[in-house]
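Visitor:
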Amino acid sequence: MTQSDNFEVAAGNAKPEIASFEDQEKGLVARFHHALHTTPALVPLIVLLAAVVVFGLILGSKFFSPFAMTLILQQVQIVGIVAAAQSLVILTAGIDLSVGAIAVISSVVMGQFTFRYGVPPVVSIACGLAFGTAIGALNGWLIARMKLPPFIVTLGMWQIVLAANFLYSANETIRSQDIAKQAPLLQLLGAKFKVGGAVFTLGVVLMIVLVLTLAYVLKHTAWGRHVYAVGDDPEAAELSGVNVKKVLISVYALAGLICAFAGWALIGRIGSVSPTSGQLLNIESITAVVIGGISLFGGRGSILGTMFGALIVGVFTLGLRLSGADAQWTFLLIGALIIAAVAVDQWIRKVAS
Amino acid sequence: MKRLLTSSTLALAAMVGTASADDISACLITKTDTNPFFVKMREGAEAKAAELGITLSSYAGKVDGDHETQVAAIETCIANGANGILLTASDTSSIVPAVQQARDAGLVVIALDTPLEPINAADMTFATDNFLAGELIGQWAAAALGDDAANAKIAMLDLGVSQPTVGVLRDQGFLQGFGIDLGDPNKWGDETDPRIVGNDVTAGNEEGGRKAMENLLAKDPSINVVYTINEPAAAGAYEALKSFGRENEVLIVSVDGGCPGVADVKDGVIGATSQQYPLLMASKGIEAIAAWAKDGVKPQATDGKDFFDTGVALVTDHPVDGVSSVDTAKGADLCWG
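Protein sequences, first through last, are from chains A and B.
The first sequence: position 246 = 231 (this note's numbering), numbered continuously.
If you want this note's numbering, it's the 1-based position in the second sequence plus 193.
1) Measure from the alpha carbon of residue 246/A to the alpha carbon of each residue in 172/A, 177/A, 317/A, then state which is nearest.
2) Taking only the alpha-carbon atoms, compute the straight-line gap between residue 329/A and residue 60/A and give it to the nearest angstrom.
3) Are the C-beta atoms of residue 91/A and some chain B residue less than 7 Å apart?
4) State the DSSP-derived secondary structure class of residue 92/A, mapped to helix, strand or coil.
5) Residue 68/A and residue 270/A: beta carbons closer than 7 Å?
6) List in chain order: all unbroken alpha helix (DSSP H) runs of 4+ residues lying wholly within the segment 14 to 57 of chain A.
7) Please name the residue, chosen from 295/B, 352/B, 446/B, 510/B, that lies closest to residue 257/B on a Cα-to-Cα basis.
8) Find the residues of chain B that neighbour residue 254/A, judging by a C-beta separation of less than 8 Å, and give them in chain order.
9) Quick test of the definition: if touching needs 3 or more C-beta pairs under 8 Å, does the segment 270 to 284 of chain A touch the segment 196 to 204 of chain A?
10) Would you kindly check if the distance between the Cβ of residue 468/B and the Cβ of residue 489/B is under 7 Å?
11) Please name the residues in the segment 436 to 459 of chain B whose beta-carbon is closer than 8 Å to at least one beta-carbon of chain A, in chain order.
12) Below 8 Å on the Cβ atoms is my guess for residue 158/A versus residue 425/B; work out the distance and round it to an integer in Å.
13) Of all the residues that make up the segment 267 to 286 of chain A, which are near chain B by a beta-carbon distance shorter than 8 Å?
14) Which one or two residues does DSSP pair with residue 448/B in a beta bridge?
15) Once you ignore the five residues that flank residue 233/B on each side, which residues in its own chain have a CB closer than 7 Å to its CB?
16) Below 8 Å on the Cβ atoms is my contact criterion, and I expect residue 279/B with residue 478/B to pass it. Report the Cβ-Cβ distance as a whole number of Å.
17) How big is the Cα-Cα spacing for residue 179/A and residue 420/B?
18) For a minimum of 4 consecutive residues, which ranges assigned as the alpha helix (DSSP H) are wholly contained in the segment 213 to 257 of chain B?
19) Who are the neighbours of residue 417/B on chain A, taking C-beta pairs under 8 Å?
20) What residues from chain A crowd round residue 227/B, counting only those whose CB sits closer than 7 Å?
21) If I'm right that residue 122/A touches residue 234/A with Cβ under 8 Å, what's the distance once you round it to whole angstroms?
22) Residues of chain A with CB closer than 7 Å to the CB of residue 542/B, please, in chain order.
23) Return the CA-CA distance between residue 160/A and residue 132/A, expressed in angstroms with no decimal places.
24) To which residues does DSSP link residue 420/B through a beta bridge?
25) If the cut is a Cβ gap below 7 Å, which residues of chain A does residue 346/B touch?
26) Along the segment 458 to 479 of chain B, where does the CB come closer than 8 Å to a CB of chain A? Name the residues.
27) Identify the residues that DSSP records as bridge partners of residue 277/B: which are they?
28) When you compare only the Cα positions, how much space is there between residue 214/B and residue 323/B?
29) Roughly how far, in whole angstroms, is the beta-carbon of residue 97/A from the beta-carbon of residue 462/B, given that I think they are within contact range, below 8 Å?
30) From residue 522/B to residue 455/B, what does the alpha carbon distance come to, in whole angstroms?
31) Going by DSSP in three states, residue 81/A sits in which element: helix, strand or coil?
32) Mapping DSSP to helix, strand and coil, what is residue 229/A?
33) Which first and last residues belong to the beta strand (DSSP E) in which residue 373/B is found?
34) Check each candidate in 314/B, 219/B, 225/B and name the one with the smallest Cα separation from residue 261/A.
35) Quick check: is the beta carbon of residue 487/B nearer than 7 Å to any beta carbon in chain A?
36) Within its chain, find whatever has a CB closer than 7 Å to the CB of residue 55/A; leave out the 5 residues flanking it on each side and keep chain order.
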């Protein structure tokens, strides 16, 4: 073996500067740009804090109180949990339109198993969670093995699951009072506790713990890095030894499981099991993901950003309602935010020249 | 083989012949086929159609607001040679040209539950008097509060920002019944009475009801009267009040009379609800189509109204003087869904 063929040694002999990236000092804008580039959750965080400050200045203590702040958390918990699932999928450059339907049917399974078949609530909840996971896994299998586009698969699954939900439940609501009497476990995630003036529910805790856990897993485990790799460039990932199909199926299955948890939290939040709730969860979750700065092209973004995105929507909704604005203004502003978020995303992508 | 073919063709022709000779056929087009209200409506129509020997075809939009599917359904009914259409329109003004097309083709079109815009675009409307439904719960709430009605803090949980007529009528009826001056009676939210804390929208479901209630409680935690567009929204509002620990100090009133709603009245979640009768609307509608097909008679409106009133009853276990009501046992007998 000649010296030039021995790559390890040759690489070792090379000057380290050859393969290093220089952080050139280019003034404030460039440094800000660089910070945004390396920390994608920064933009939504800044917007969130700015929104809280602005509404706090306009509305005073009515808005800027532990009570109102935690009320926002309660109002976004369901969207927040579902958006966490949506983030995972979008990081793989996919999309899941069936998230809301999975959440709702899981809650219906939990409720109907308990009340129609007399199954103990613990078992019904396990069945609901398993059901959500199974639908997610089926999505993943169709996408990874059958090579069908995620948009089409989940568009179809959304309709199938929603129709199955209505057929199975006969669109009958299980009343809050009956659940409280016979199966209070179903409402567990609605249990609340107070810290000073702040009111938290277990569902809110679930959302925060879930997002923090996923953030850690995505950053520090092999599986997490594979999710990013698959989203960034599936062929390159395959060539580097990542089992792309397995990663995809696991992502959709996990998304299904998370949605089923959202369904459980939904029972806690509205008290009853209602097959008509959660109709817009898929759109709301994608909104949170986009405002949270995750690229729809996959492979880039942070799940913390998604939670900030969901909270931004919550802050705007409550803030505008408290200031007495017509509900239409909320939709208008959120629409503007979505477009602004994607514009910022494009700007960040441009490597500073 | 040839004889067999000929005879079966003949039999087929005979069947088609009888089918078109004196059979009456009707169409039922609802907003969705998932809402228990429309499910009950379809059951009522099917039972009556079976009784009278009428062929009934049912159509429904995929979701509330699915206008295109309803137009396509009307066109299908015209093509099928139906005698009449029962319609709950998703888009009450845009559907008018399609309805006119059907009437021009000799079909009688009856609007169920939701009047068209204008109301005379249909041959007749069989509906609940939604203004009266609102007025009853308004009067009940005012009487139940007694002298405190003068200092009430009222939350108005409405349907949607587009202000569908049903929602406006119930809202304005409630306010009038409670004794609050209306602004423009064709829209909600323009009243200036300080007793109204605010209006918010619920989409008529539990999640929307809870969120709207939370928003209004954040605005003013001393709310003690809650008007809700329907009973699922009321159930959601109750959950919000429970989390604020105020469920026993607040009076919730609603409209619909679905079975879960009547059970909520019995349990004290809802103080009173105005019950409507979708089954009656549908069966009356089928009878009207039968009459039209046989004698060419169109249904008549209730005296003093521009539609046929299918009735409304106040359901409560706490009757008050001056407002007639039925108790929850009777309400449960008559409830739908």
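Think of the CB as a built atom: it goes at the ideal place given N, C-alpha and C, for glycine as much as any other residue.
Guide: Concretely, from the data shown:
1) What you label residue 246/A is simply residue 261 of the first sequence in a count that begins at 1. When each option's Cα is compared against that of residue 246/A, the closest is 172/A.
2) Within the first sequence, the letter at position 344 stands for residue 329/A. Within the first sequence, the letter at position 75 stands for residue 60/A. Rounded to whole angstroms, residue 329/A to residue 60/A spans 27 Å at the Cα level.
3) The count along the first sequence starts at 1 and reaches residue 91/A at position 106. Chain B contact via Cβ: absent.
4) Within the first sequence, numbered from 1, the residue matching residue 92/A stands at position 107. In this structure, residue 92/A counts as helix in the three-state DSSP scheme.
5) Here residue 68/A is taken as the residue at index 83 of the first sequence, counted from 1. Here residue 270/A is taken as the residue at index 285 of the first sequence, counted from 1. It is a contact, given that the beta carbons lie within the stated cut-off.
6) 27 to 44
7) For the purposes of this step, residue 257/B is taken as residue 64 along the second sequence, with counting starting at 1. Measuring from the Cα of residue 257/B, the nearest candidate turns out to be 352/B.
8) Looking up residue 254/A in the first sequence gives position 269. 400, 403, 432, listed in chain order.
9) no
10) By 1-based counting over the second sequence, the position of residue 489/B is 296. By 1-based counting over the second sequence, the position of residue 468/B is 275. No, Cβ-Cβ distance for residue 489/B and residue 468/B is not below 7 Å.
11) 436, 453, 456, 457
12) For the purposes of this step, residue 158/A is identified with residue 173 of the first sequence, where counting begins at 1. For the purposes of this step, residue 425/B is identified with residue 232 of the second sequence, where counting begins at 1. So it is a contact: roughly 7 Å between Cβ atoms.
13) none
14) Translated into the one-based positions of the second sequence, residue 448/B becomes position 255. DSSP, once it has assigned bridges, lists 467/B as partnering residue 448/B.
15) For the purposes of this step, residue 233/B is identified with residue 40 of the second sequence, where counting begins at 1. Only 471, 472, 529, 530 meet the Cβ criterion.
16) Locating residue 279/B in the second sequence gives position 86, counting from the first residue. Locating residue 478/B in the second sequence gives position 285, counting from the first residue. Rounded, the Cβ-Cβ distance is 4 Å, consistent with contact.
17) Taking the first sequence and counting its residues from 1, the one referred to as residue 179/A is at position 194. Taking the second sequence and counting its residues from 1, the one referred to as residue 420/B is at position 227. Approximately 29 Å, taken between the alpha carbons.
18) 229 to 245
19) Indexing the second sequence from 1 puts residue 417/B at position 224. Correct list: empty, because the minimum Cβ distance to chain A is about 19 Å.
20) Position 34 of the second sequence, counted from the start, is the residue given in the question as residue 227/B. Simply 151, 156.
21) The residue you call residue 122/A lines up with position 137 of the first sequence. The residue you call residue 234/A lines up with position 249 of the first sequence. Yes, they are in contact, since the Cβ atoms of residue 122/A and residue 234/A sit about 6 Å apart, within 8 Å.
22) For chain B, the structure presents residues 194 to 530; residue 542/B sits outside this window and is missing.
23) Here the question's residue 160/A lines up with position 175 in the first sequence. Here the question's residue 132/A lines up with position 147 in the first sequence. Computed Cα separation, rounded: 42 Å.
24) Position 227 of the second sequence, counting from 1, holds the residue named residue 420/B. According to DSSP, residue 420/B bridges with 349/B, 446/B.
25) Counted from its first residue, the second sequence places residue 346/B at position 153. Those within 7 Å of residue 346/B in chain A number zero; the least Cβ separation is about 15 Å.
26) 460, 462
27) For the purposes of this step, residue 277/B is identified with residue 84 of the second sequence, where counting begins at 1. Residue 277/B is bridged to 219/B, 301/B.
28) If you number the second sequence from 1, residue 214/B lands on position 21. If you number the second sequence from 1, residue 323/B lands on position 130. Residue placement at residue 214/B is poorly supported in this model, since its pLDDT is 37, which falls under 50; the coordinates still yield a value, given next. So the alpha carbons of these two residues sit roughly 40 Å apart.
29) As a first step, residue 97/A must be located in the first sequence, where it is residue number 112. As a first step, residue 462/B must be located in the second sequence, where it is residue number 269. With a Cβ gap of about 22 Å, residue 97/A and residue 462/B do not count as contacting.
30) By 1-based counting over the second sequence, the position of residue 522/B is 329. By 1-based counting over the second sequence, the position of residue 455/B is 262. Their Cα atoms are separated by approximately 9 Å.
31) Here residue 81/A is taken as the residue at index 96 of the first sequence, counted from 1. Correct three-state label for residue 81/A: coil.
32) Start at 1 with the first residue of the first sequence, and residue 229/A comes out as number 244. Three-state result, residue 229/A: helix.
33) The residue labelled residue 373/B in the question sits at position 180 within the second sequence. That residue, residue 373/B, is in no beta strand (DSSP E); it is neither H nor E in DSSP.
34) In the first sequence, the residue the question calls residue 261/A occupies position 276. Per the Cα distances, 225/B.
35) If you number the second sequence from 1, residue 487/B lands on position 294. For residue 487/B, the answer is no, since every Cβ of chain A falls outside 7 Å of its Cβ.
36) In the first sequence, the residue the question calls residue 55/A occupies position 70. Closer than 7 Å at the Cβ level, and outside the excluded window around residue 55/A, lie 183, 184, 185.
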